[in-house]
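Here the protein sequences line up with chains A and B, keeping their order.
Just so you know, we're using our numbering here: the first sequence kicks off at 251 and counts up by one.
Just so you know, we're using our numbering here: the second sequence kicks off at 176 and counts up by one.
Note that CB positions come from ideal geometry on N, CA and C, so glycine has one too.
No experiment lies behind these values; they were computed from the predicted model shown.
Read the structure below first, then the notes.
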Amino acid sequence: MHHSRAIMRTLFGALAVLFAIWSLVVSVVSAAPFSQDVEPTQGASESAQEETPINLSIGDDTCLECHGQPGLTMELENGEVLDLFVPPQEHAGSVHGEKGYACVQCHTTVGDYPHTKFSALDQRDVTLQLNAVCQRCHPGEFELTQDSAHATAFNAGNHEAAVCSDCHTAHDVRRLTNPDTGELTPDARLWIPQTCARCHSAIYNKYLDSVHGATLIGTENTDVPTCIDCHGVHNIEDPTTAAFRLNSPQICANCHTNPEIMDKYGVSTNVLNTYVADFHGTSVVLFEPETPDAEINKPVCFDCHGVHEIAWVDDPIKGLHVRQNLLTRCQVCHPDATDNFPDAWLSHYIPSPDNNALVYYVDLFYKILIPVVIGGMAVLVSMDAGRTLLDRYRSRKVKEQVELVEDVKQPLPDQSKSGAEESEVEHE
Amino acid sequence: MSLEMNQDTRLESNGVRLERTYQRFMLGQRWEHALLILSVTVLLLTGLPQKYRAAMWSQQILATPERLDLIRQIHHIAAIVLIIEVVYHLFHNLYLLFGRRLPEDIFPTWQDVRDAWQMFKYLLFLTKEKPAAGKYNFEQKFTYWFIFLILGMMGLTGLIIWFPLVVTNFLPGGIVPAAKLTHSTEAIVTAIFIIIWHFYHVHIERLNLSIFTGRLSEQEMRKYHAAEYAHLTVEVRDTTEEESGRDAS
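And the structure:
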């Protein structure tokens with residue numbers, strides 16, 4: 251372990267040196283002046299710098315001399331007042347602070363003292379200006395966010411749409427994943443709904459009362475999905491598209507077909523295959539391969555179970571195990587549905603003598619009937635074909651003999667007679 | 176095509192081909208059969224992609240919701256055609272039967288059981304005699320009644336899954352998924368039955384086109400409907416001595 255670390259360190263070091271030489275060569279060749287404001291801690295050298303802190307021109311202490319003082323503010327162009335105070339422990343306690351990143355690594359325009367004057371239209375402009383720096387170290391995540399519903403909204407002119415620091419904060423950036431496994435920590439799972447709730451509070455309130463939200467927040471059970479388990483993390487898809495809707499059963503299936511999670515709570519893992527086998531799911535999954543963005547009026551999981559307000563199945567008001575609630579759900583799409591109608595839906599049960607017995611016995615009947623019909627017919631037909639062929643072969647032989655005899659008896663054989671004789675022989 | 180050669184062509188010495196044929200199906204019956212072929216083919220072609228929706232070929236056919244709707248509409252139209260045909264067939268034939276204008280040949284009798292048993296023995300080489308059939312042999316009766324039952328089931332279950340809201344007004348809901356399963360499975364039984372049993376008997380065993388031409392030759396009558404042939408020729412003998420004399424030669 252220590253060995254491999256040392257090797258890695260050497261490798262990264264070598265890479266960093268190579269990169270430095272390469273950039274020097276490139277800049278000399280292109281005869282461009284070596285830019286002073288481009289930091290030496292960039293790109294490929296990031297990892298190397300983690301291990302071997304580079305001497306920075308300005309340390310955090312320098313910044314905090316001013317920005318560590320409460321009450322430091324500035325006026326923005328629109329008159330808003332920007333608080334410039336950064337509590338020292340906020341950055342120090344963050345994942346960046348823990349790793350020794352300095353203020354000026356993100357605030358790249360302020361390498362000298364006194365630093366160049368910062369100006370922004372308004373508070374949001376401040377965030378947007380400073381947010382651009384995240385991609386220097388996190389290009390992959392940044393790239394993903396460009397495909398998200400947030401980016402789409404932003405590009406459409408909604409500058410309130412979330413950018414990196416809206417979710418991760420600016421200075422108090424918390425560690426969310428376990429560094430060894432790369433998986434979300436249980437704490438992070440608890441934070442996620444609160445993070446999204448900063449903007450999506452109405453949805454958060456619905457989620458709080460749902461089987462998932464109440465379990466997560468009430469019992470700190472992290473087996474249940476948080477926002478990102480369904481919506482994704484950085485490339486959060488627009489959930490109002492036809493494609494999202496058509497694919498949504500797969501989202502639920504990620505957990506609901508996983509026995510490792512479901513068995514703990516006695517929840518069936520047959521929800522997807524029974525859905526696909528029944529009326530609604532049949533149509534929904536049909537178009538996925540050819541037209542994944544097909545508009546469908548058939549229900550997906552969330553049409554019956556709810557989106558964020560998914561209730562316990564035995565919830566007296568919303569639970570679908572309660573017959574009246576199920577009928578009410580049916581009537582949303584089938585307004586004329588009567589009391590018997592909900593039974594037309596197999597309720598995610600695989601037919602058995604206890605559940606949907608009629609379907610079970612019909613299935614059993616055909617499981618016996620079909621082999622008997624195919625087998626019986628195949629046997630009878632092949633026996634018949636065999637016997638027919640044999641008879642034909644025999645009658646041809648007899649016919650040859652008869653013709654031979656008749657040739658001797660009569661020089662001109664009567665065709666009709668030989669035909670009649672032949673059929674007599676056949677029926678012998 | 177057929178295992179047996181057509182042996183009914185007899186050349187008279189003057190070279191003129193003479194063929195005595197017997198009416199087997201009336202024109203209306205032949206049209207009914209044509210309608211049956213058409214509607215069942217369309218129903219199978221539009222139904223099977225819906226049944227095998229997990230298969231690639233099916234998903235290519237039913238690629239969009241619009242296509243699925245179109246195919247379902249075609250299926251429903253063909254179903255209406257078939258239902259009308261079956262209802263017409265039922266009432267028309269009951270009318271003819273009660274008016275004594277249609278012989279009761281198609282109804283199963285104990286003779287059919289005996290014939291089936293003899294055929295079975297014949298196939299096992301226990302006897303050399305094939306049963307002498309009437310107008311419809313037991314296999315043809317079986318085909319008719321099997322298709323009759325299947326069409327009844329398909330029509331009934333098809334209507335149930337077409338109008339589940341109406342049906343659940345007065346029947347338990349469980350009948351709907353059961354009907355769906357029956358409809359989908361019975362369709363396969365139908366396809367298998369038509370291909371293995373019916374096609375064998377009318378195309379492979381011998382080429383029997385009487386449902387299209389309406390007539391059977393004397394040779395075919397003698398060979399495959401001996402009892403019916405005897406019955407007919409006796410009647411002929413009773414009325415016209417001369418004719419029967421010629422037949423016997």
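Under DSSP, the beta strand (DSSP E) around residue i begins and ends at which residues?
i: S451(A); result: It is not in any beta strand (DSSP E) - S451(A) instead sits in the alpha helix (DSSP H) that spans 451–459.
i: R390(B); result: 390–392
i: L332(A); result: 331–333
i: T491(A); result: From DSSP, T491(A) is part of no beta strand (DSSP E); its letter is neither H nor E.
i: L323(A); result: Residue identity differs from the one stated: residue 323(A) is Thr in this sequence, not Leu. Looking at the DSSP string, the run of the beta strand (DSSP E) that includes T323(A) is 323–325.
Within the same chain, show all residues whose beta-carbon is closer than 6 Å to that of residue i, passing over the 5 residues directly before and after it, in chain order.
i: L257(B); result: S214
i: G389(B); result: F200, R205
i: V275(A); result: Note that V275(A) has pLDDT 44, beneath the 50 cutoff, so the model's placement of it is unreliable and the number below is only indicative. Result list for V275(A): empty, nothing under 6 Å.
i: T302(B); result: K296
i: T507(A); result: T519, L522
Rounded to the nearest angstrom, how far is the Cβ of residue i from that of residue j, given a contact under 8 Å?
i: A362(B); j: L219(B); result: 7 Å
i: L340(B); j: H584(A); result: 6 Å
i: S597(A); j: V550(A); result: That belief does not hold up - the Cβ atoms of S597(A) and V550(A) are roughly 16 Å apart, past 8 Å.
i: G349(B); j: D604(A); result: Not a contact, Cβ separation roughly 13 Å.
i: T541(A); j: A353(B); result: Not really, about 31 Å apart at Cβ, beyond 8 Å.
i: D287(B); j: F313(B); result: 4 Å
i: C417(A); j: T445(A); result: 5 Å
i: A492(A); j: D543(A); result: 5 Å
i: L577(A); j: D564(A); result: Between D564(A) and L577(A) the Cβ distance is about 16 Å, and since that is not below 8 Å, they are no contact.
State the Cα-Cα distance for the pair residue i and residue j, rounded to the nearest angstrom.
i: P429(A); j: T476(A); result: 20 Å
i: V376(A); j: V517(A); result: 48 Å
i: L466(A); j: G343(A); result: 26 Å
i: A229(B); j: C554(A); result: 24 Å
i: G321(A); j: E315(A); result: 13 Å
i: P509(A); j: T519(A); result: 6 Å
i: V409(B); j: L346(B); result: 55 Å
i: A399(A); j: D488(A); result: 5 Å
i: S392(B); j: L299(B); result: 29 Å
i: K514(A); j: I259(B); result: 56 Å
With distance defined between alpha-carbon atoms, name the residue in the options nearest to residue i.
i: V473(A); options: I511(A), Y457(A), L496(A), I467(A); result: Position check: residue 473(A) holds Asp in this sequence, whereas Val was assumed. Per the Cα distances, I511(A).
i: Y457(A); options: T431(A), E393(A), V563(A), V557(A); result: V557(A)
i: G350(A); options: E540(A), L614(A), D310(A), E330(A); result: D310(A)
i: C353(A); options: L371(A), R637(A), L332(A), L380(A); result: L380(A)
i: D479(A); options: R448(A), L440(A), D586(A), A370(A); result: L440(A)
i: Q600(A); options: L522(A), C505(A), G318(A); result: It is worth fixing the name first, because residue 600(A) is Ile in this sequence and not Gln. Comparing Cα positions, the closest option is L522(A).
i: A307(B); options: Q293(B), H376(B), W232(B), K355(B); result: Q293(B)
i: T365(B); options: Y263(B), I322(B), F295(B), Q234(B); result: I322(B)
i: I369(B); options: Q651(A), V623(A), T638(A), D634(A); result: V623(A)
i: A679(A); options: A405(B), S392(B), Y297(B); result: In the structure displayed, chain A extends from 251 to 678; residue 679(A) sits before or after that span and is not available.
i: C313(A); options: R424(A), E650(A), T359(A), V331(A); result: T359(A)
i: P539(A); options: N508(A), K568(A), L496(A), D586(A); result: L496(A)
i: I246(B); options: G274(B), F374(B), Q225(B); result: Q225(B)
i: D372(A); options: G531(A), A411(A), L332(A), D565(A); result: L332(A)
i: A438(A); options: G407(A), R424(A), S451(A); result: R424(A)
i: W595(A); options: E403(B), V351(B), L356(B), F374(B); result: V351(B)
If I follow the unbroken alpha helix (DSSP H) through residue i, where does it start and stop?
i: T357(B); result: 350–367
i: Q198(B); result: Segment 196–198 is the beta strand (DSSP E) holding Q198(B); no alpha helix (DSSP H) there.
i: Y263(B); result: 240–273
i: S344(A); result: Careful: S344(A) lies outside any alpha helix (DSSP H) and carries neither H nor E.
i: T366(A); result: Run containing T366(A): none; DSSP gives neither H nor E here.
i: D311(A); result: 310–317
i: H418(A); result: 414–418
i: S533(A); result: 529–536
i: Y375(B); result: First-last for Y375(B): undefined, no H or E at that position.
i: L340(B); result: 339–342
i: T578(A); result: 573–583
i: A447(A); result: 436–447
i: P389(A); result: 389–395
i: I212(B); result: 202–226
i: P215(A); result: Nothing can be reported for residue 215(A): it is not among the residues displayed for chain A, which extend from 251 to 678.
i: H400(A); result: 399–405
Using C-beta distances below 7 Å, list every residue in its chain close to residue i, excluding the 5 sequence neighbours before and after it, in chain order.
i: E340(A); result: H421, D422
i: R579(A); result: C554, L570
i: N471(A); result: T465
i: L394(A); result: H484, N485
Only counting the same chain, and skipping five residues up and downstream in sequence, which positions put a Cβ closer than 8 Å to that of residue i?
i: Q234(B); result: R228
i: S602(A); result: Y610
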